[in-house]
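Report on the structure given below.
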Amino acid sequence: MNIVMFGPPGAGKGSVSAFLVGEFSYPHIAAGDIIREESRKPQNKVRAYMEKGELVPDTVIMQLVGSRLRQPDCREGFILDGFPRTIVQAEFLERQRIPIDIVINLEVDEDAIVDRLSGRRMDPKTGQIYNLNTMELPEGVDREKLVQRPDDKPEVIRKRIEVYKKQTSPVIEYYRERNVLLNIDGNPELGQVVGSVREALQKVRE
Ligand code: AP5
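Heads up: the sequence shown begins at 5 in the working numbering, then just goes up one per residue.
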C-alpha cells in the first residue's frame, strides 16, 4: 500500500509515520529529511529555500523523491511524508505511474502548530524528536543538549504556514477528487492520533 502523510508543518506527519513504519515494514520516505541531507552537501541549491521556510523548486524535489521511490524497497509500499506539496508534484507521481492508495490528512489548528514547532527539539546524537511545549521530556534526557531546527524559529514558522496555505493545501482537493483522502483530527495527544490513523487504515485494508 502506498501511503501519503499530509498536513501542515508540525501536524505530526513524522511522528505518526514513525509508528506506522513499525507496523507496515514499509520504508518511511520523508521529503524534509531528503532535503536536509541534500542541504549538507557543498554548494547545494536547497538550504537557502529551507531556511527561509519556502518550498524548494518542484524540479529539484521531484528528482530527489522520484529516484528514492524507484528503489527496490518501495515495491511493496511506502510511507511518503511531506510529498507531494504542490499540484505539480502530485501530477508528477501520476505521470510516473506511482499510484497513491491513501492520503492521510492530519488536520491541526494553527495555534497548536505554532506551539508544537516552537517547542520541537532534537537529540543530535540519536535523532529522537522531543517537544518542550507539548510533551514531558523522558527522564535522563538533558534539555540543554537538545537542538532546534533552524526553520523552527518563529518568523520561519509563520512563513511555512503561509506557504502551506497557498501552495500545499490545494493538493487536498486533488486527492479528494480521486477518492483517496482520509481526514484525521491531528489535535489530540499523539497516542490518540496514531490510534485514529490505525483504525482508518484498518478499514481501508478490509
Ligand atoms: P519538513 O521537514 O517536511 O517540514 P514540515 O512539513 O514543515 O513538517 P515538520 O517536520 O515540521 O512537521 P511534522 O508534520 O512532521 O510534525 P512532527 O511529527 O515533526 O520540510 C522542511 C522543508 O523542506 C520545507 O519547509 C521545504 O523547504 C522543504 N521541503 C520538504 N518537502 C518538500 C516538498 N515536497 N516540496 C518542496 N520543498 C519541500 O511534529 C512536530 C512537533 O510536534 C514534534 O516536536 C512532535 O514531538 C510534536 N507533536 C507531534 N504530534 C503531536 C501531538 N499529537 N500532540 C502534541 N505534540 C505533537
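Ideal placement from N, C-alpha and C gives every residue a C-beta, glycine not left out.
Three-state secondary structure assigned by DSSP to Ala-15: In this structure, Ala-15 counts as coil in the three-state DSSP scheme.
Assigned secondary structure, Phe-28 (DSSP; H/G/I helix, E/B strand, else coil): helix
Contact test: Pro-192 Cβ vs the ligand AP5 heavy atom, cutoff 7 Å: Pro-192 has its CB nearer than 7 Å to a heavy atom of the ligand AP5.
The ligand AP5 heavy atom lying under 7 Å from the CB of Gly-70: no
Limits of the beta strand (DSSP E) - the one that Glu-95 falls within: Where Glu-95 is concerned, there is no enclosing beta strand (DSSP E), although the alpha helix (DSSP H) it sits in stretches over 91 to 99.
Cβ pair count under 8 Å reaching 3, the segment 153 to 166 against the segment 121 to 140: yes
Nearest-angstrom Cβ-Cβ length linking Ile-91 and Val-208, presumed shorter than 8 Å: Rounded, the Cβ-Cβ distance is 24 Å, inconsistent with contact.
Alpha helix (DSSP H) segment containing Met-9, residue limits: Not the alpha helix (DSSP H): Met-9 falls in the beta strand (DSSP E), residues 6 to 10.
Check whether Ser-21 and Ile-133 have beta carbons under 8 Å apart: No, these two residues do not count as a Cβ contact at 8 Å.
Whole-angstrom C-beta distance between Val-197 and Gly-190, which should lie under 8 Å: 5 Å
Distance cut-off 7 Å: Pro-13 Cβ against heavy atoms of the ligand AP5: yes
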